[in-house]
Amino acid sequence: MQQPQDPLDEREEAELRGLLAAAGAPSLEFARGVFQAAASAPSRLLPPDWLGLILGDDSVDAVSLRRLFALCMRDYNACAECLTLGVPVVPRPDDEAAVSEFCRGYVRATQKDKRWTGNLEAFELTVPFAVLAGYLDESRVLELLRDRSAESAATATPDPEAWRAEQRERLADSVARAFDFWSEARRAQPAQAEEKPGRNEPCPCGSGKKYKRCCGAG
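In terms of the working numbering, the sequence shown opens at residue 658 and continues consecutively.
So, in structure tokens, the structure goes:
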């Protein structure tokens, strides 16, 4: 029997990409950035907190919308499970467009919790994502790194393109570090915050339907 955390197969992934496109939504790479930032947050974000980031403006029929919710929840759960195993789901480093989309989604999701920016160390962990997403000019980051290098007598920092390439290669490590950084905060949350809804309870996606007839339908 299919489980909520089972990863999507190739057919289902293609189906989800099509449903997102039909809804005028961002790409699956963007969605997976959202999923992994949401699962890494100090208090893990619930679907109503992040669904608005990945749903488009185009109207779709109810059946397609339910299927979109179900596949998104499956992919979210699979991404969260991979994070706990230390294997983040990230695009290939040579696919710059996909990396940029992933990082855009990641940064947008971090903005849902002010603790990301209220903690200097946590904020610095998000800087590579912001640069790769195009939200932050890497020259300002490299200027800061050069200042630190001068203070520590370290080697000179790389040029901007080399630095960006390095960050793309290290994207999975960056995701894992952020996930680990907030691990204690997540463990401090009440246990019930992580419980799955009952089949007859309202679906956490906010559709107003029972879980078994919405995201739990598989």
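Positions of the beta carbon are idealized from the N, C-alpha and C atoms, including for glycine.
Note down, in chain order, each residue of its chain lying with its Cβ closer than 8 Å to the Cβ of G681, except the 5 sequence neighbours on either side.
G713, D714, D715
Kindly indicate which three-state DSSP category P704 falls into: helix, strand or coil?
helix
Look at the Cβ atom of R689, then the Cβ atom of D732, and state whether they are nearer than 9 Å.
Yes; because the gap between Cβ atoms is below 9 Å, this pair is in contact.
Spell out a yes or no on whether the stretch 689–704 and the stretch 760–768 are touching, meaning 3 or more CB-CB pairs, one atom from each, closer than 8 Å.
A contact exists between the stretch 689–704 and the stretch 760–768.
State the start and end residues of the unbroken alpha helix (DSSP H) segment that holds P785.
777–790
Is the beta carbon of E738 closer than 9 Å to that of F687?
no
Check whether the Cβ atoms of P838 and L740 sit closer than 9 Å, and answer yes or no.
Strictly speaking, residue 838 in this sequence is Phe, with Pro absent from that position. No.
At a Cβ threshold of 9 Å, is P704 touching chain C?
Structure shown: chain C not included; a single protein chain is present.
Tell me, to the nearest whole angstrom, how far the beta carbon of P750 is from that of L685; I am working on the premise that it is less than 8 Å.
No, P750 and L685 are not in contact; Cβ-Cβ is about 17 Å, not under 8 Å.
So is A754 buried or exposed if we call it buried at 16+ other beta carbons inside 10 Å?
exposed
Could you spell out the range, first to last residue, of the alpha helix (DSSP H) harbouring Q824?
It spans 817–826 - the alpha helix (DSSP H) in which Q824 sits, taken as one unbroken run.
Note the first and the last residue of the continuous alpha helix (DSSP H) segment covering S721.
719–741
Between A833 and the rest of its own chain, which residues show a CB-CB distance below 8 Å, the 5 nearest in sequence each way excluded?
Take A833, set aside five residues on each side of it, and the residues of its chain with a beta-carbon closer than 8 Å to its own are L740, G743, P745, in chain order.
Taking the alpha carbon of A822 as the reference point, which residue from A790, Q846, A842 has its own alpha carbon closest?
A790
Taking D752 as the reference, which of Q824, L782, K769, A719 has the closest Cα?
Q824
Using the DSSP secondary-structure output, state which residues sit across from L859 in a beta bridge.
Contrary to the premise, residue 859 reads as Pro rather than Leu in this sequence. Beta-bridge annotation (DSSP): P859 is paired with K867.
Which residue comes first and which comes last in the alpha helix (DSSP H) that contains R674?
667–679
Looking at the structure shown, is L793 part of a helix, part of a strand, or coil, going by DSSP?
coil
In or out: A695 buried (at least 16 other Cβ within 10 Å) or exposed?
Per the 10 Å Cβ criterion, buried.
Can you tell me where the alpha helix (DSSP H) with R689 in it begins and where it stops?
685–697
Can you tell me whether P683 is buried or exposed? The criterion is at least 16 other CB atoms within 10 Å of its CB, across all chains shown.
It counts as buried.
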